[in-house]
Amino acid sequence: MAVRGRLAPSPTGMAHLGNAWAFLTAWLAVRSQGGELVLRMEDLDLERSSVVFMQLLMSDIRWLGLDWDEGPTPERELAQYHQSNRFGLYEEMLERLRGSGLAYPCFCSRKDLLLASAPHLGDAGHAYPGTCRHLSPEEVRARLEAGGRAAWRFRSDGRAYEFNDLVLGPQRATLEECGGDFSMRRPDGVFSYQLAVSVDDGLMGITQVVRGRDILPSTPRQLAILDALGMARPAYAHIPLLMGEDGERLAKRHASLSLDALRTRGVRPWRVIGLLASIAGLIDRREEVHPRDLVPLFDITKLRCHDYPVSQADLDWLES
Ligand code: GLU
Numbered sequence: 011m012a013v014r015g016r017l018a019p020s021p022t023g024m025a026h027l028g029n030a031w032a033f034l035t036a037w038l039a040v041r042s043q044g045g046e047l048v049l050r051m052e053d054l055d056l057e058r059s060s061v062v063f064m065q066l067l068m069s070d071i072r073w074l075g076l077d078w079d080e081g082p083t084p085e086r087e088l089a090q091y092h093q094s095n096r097f098g099l100y101e102e103m104l105e106r107l108r109g110s111g112l113a114y115p116c117f118c119s120r121k122d123l124l125l126a127s128a129p130h131l132g133d134a135g136h137a138y139p140g141t142c143r144h145l146s147p148e149e150v151r152a153r154l155e156a157g158g159r160a161a162w163r164f165r166s167d168g169r170a171y172e173f174n175d176l177v178l179g180p181q182r183a184t185l186e187e188c189g190g191d192f193s194m195r196r197p198d199g200v201f202s203y204q205l206a207v208s209v210d211d212g213l214m215g216i217t218q219v220v221r222g223r224d225i226l227p228s229t230p231r232q233l234a235i236l237d238a239l240g241m242a243r244p245a246y247a248h249i250p251l252l253m254g255e256d257g258e259r260l261a262k263r264h265a266s267l268s269l270d271a272l273r274t275r276g277v278r279p280w281r282v283i284g285l286l287a288s289i290a291g292l293i294d295r296r297e298e299v300h301p302r303d304l305v306p307l308f309d310i311t312k313l314r315c316h317d318y319p320v321s322q323a324d325l326d327w328l329e330s
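End of the sequence shown sits at 330 in the working numbering; the numbers just go up one at a time, nothing left out.
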């Protein structure tokens with residue numbers, strides 16, 4: 011079966027070196043296996059997402075010499091590849107889960123509203139204590155009639171989810187270890203990242219997910235949804251993160267390292283690719299390289315699994 015991967019950026023800010031690393035790896039993992047790549051805009055967070063960031067992301071990906079086979083382009087919008095246009099599908103899938111008793115309403119007022127955004131390190135944070143898990147149907151009705159607004163949570167049965175990560179090896183975790191019964195829809199109706207991404211990976215026939223290892227705690231939750239909906243599981247590769255000299259991951263807050271800023275300062279894209287490839291050990295030393303030249307060398311299962319330090323010398327080289 012042909013490999014089908016995806017690029018799934020959240021258009022909530024400018025792409026930075028860390029995103030370039032994730033795009034490059036996802037692209038190489040697909041191209042090295044002769045597969046196809048879907049671009050999906052994860053714009054669930056309507057307030058923070060913008061068309062400007064979407065356009066920039068697509069230009070950045072192209073600037074890096076990467077491409078995709080399916081999805082929107084800077085020239086052509088394709089609504090079905092934007093999560094903001096897929097709420098009807100998410101509701102349908104949530105309804106199925108309700109029907110099979112795997113979703114229950116939760117009236118707790120929690121600060122879990124952030125769940126709709128993409129996860130961050132340690133996002134599983136505090137485990138949900140299961141407060142609303144055993145509410146009787148009468149109680150649920152009474153609360154709804156009294157105007158209570160509910161989140162919808164996945165009901166765990168305590169099982170462990172196992173998968174073989176293409177980079178990290180065998181993984182096993184229960185939902186309890188990843189934060190307990192998780193939210194699939196917030197009380198204000200916004201679908202959570204977990205629901206949207208699982209439904210999309212399932213419906214879009216994604217067979218291979220390549221993403222940062224900070225998202226690992228989300229994977230058992232996504233497997234739970236995929237399994238419950240009878241959708242095929244993709245293979246997962248959780249890749250190392252790029253870490254700055256301060257020990258922090260290179261993230262959006264390093265504004266001077268946004269791809270847009272680098273491009274504006276005259277940095278050549280093949281230099282960015284060459285830096286990433288040398289940091290990851292795909293090539294022996296820093297040199298300019300086109301992504302297509304990395305395709306024959308690439309094997310996702312051979313990636314070193316510890317995070318990659320990016321030194322000031324590396325960054326200076328980019329602009330030298
Ligand atoms: N949209 C997420 C992000 O940009 C990626 C989610 C995923 O790959 O599952 O962080």
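We treat Cβ as the ideally placed atom computed from N, Cα and C, and that holds for glycine.
Asked	Found
At least three beta-carbon pairs within less than 8 Å, the region 56-68 to the region 313-321	no
Distance, residue 34 Cα to residue 76 Cα	7 Å
Contacting residues, own chain, Cβ-Cβ under 6 Å from residue 93 (five flanking each side not counted)	52, 53, 54, 206
Three or more C-beta pairs below 8 Å linking the region 170-184 and the region 234-246	yes
Straight-line Cα distance separating residue 277 from residue 326	11 Å
Straight-line Cα distance separating residue 65 from residue 85	9 Å
Residue 225 beta carbon near the ligand GLU (any heavy atom closer than 8 Å)	yes
Runs of beta strand (DSSP E) wholly within the region 24-87 (minimum 3 residues, chain order)	46-49
Distance, residue 99 Cα to residue 256 Cα	42 Å
Test item: CB-CB of residue 163 and residue 115 under 9 Å	yes
Stretch-stretch touch, CB-based, cutoff 8 Å, three pairs: the region 21-31 with the region 207-218	no
Beta-carbon proximity check, residue 320 vs residue 252, cutoff 9 Å	yes
Residues bridged to residue 253 (per DSSP)	259, 319
Cross-strand partners of residue 162 (DSSP beta bridge)	115, 195
Enclosing alpha helix (DSSP H) for residue 229 [first to last residue]	229-238
CB contact check: residue 298 to chain D, cutoff 9 Å	Within the model displayed, chain D is absent; a lone protein chain is all it includes.
Residue 295 versus residue 287: straight-line alpha-carbon distance, rounded	9 Å
Unbroken beta strand (DSSP E) run spanning residue 204, endpoints	No beta strand (DSSP E) holds residue 204; the alpha helix (DSSP H) holding it covers 203-213.
Coil, strand or helix - residue 132 by DSSP	Note that residue 132 has pLDDT 43, beneath the 50 cutoff, so the model's placement of it is unreliable and the number below is only indicative. Three-state result, residue 132: coil.
Residue range of the unbroken alpha helix (DSSP H) whose run includes residue 102	97-109
Per-residue burial, residue 146 [other beta carbons within 10 Å of its own, 16 or more giving buried]	exposed
Buried/exposed call for residue 21, threshold 16 Cβ in 10 Å	buried
Buried versus exposed call for residue 139 [16 or more other C-beta atoms within 10 Å across all chains shown]	exposed
Contact belief for residue 14 with residue 232 at Cβ below 8 Å, rounded distance in angstroms	Actually they are not in contact, since the Cβ atoms of residue 14 and residue 232 sit about 16 Å apart, beyond 8 Å.
Any non-hydrogen atom of the ligand GLU closer than 8 Å to residue 254 Cβ	no
Same chain, Cβ closer than 8 Å to residue 68, neighbours up to 5 away in sequence not counted	49, 82, 83, 84
Residue 47 versus 38, 24, 79, 70, residue with shortest Cα-Cα distance	79
Cβ pair residue 160, residue 197 closer than 9 Å	yes
DSSP-derived helix/strand/coil call for residue 311	helix
Contact test: residue 221 Cβ vs the ligand GLU heavy atom, cutoff 8 Å	yes
Residue 57: CB within 8 Å of a non-hydrogen atom of the ligand GLU	no
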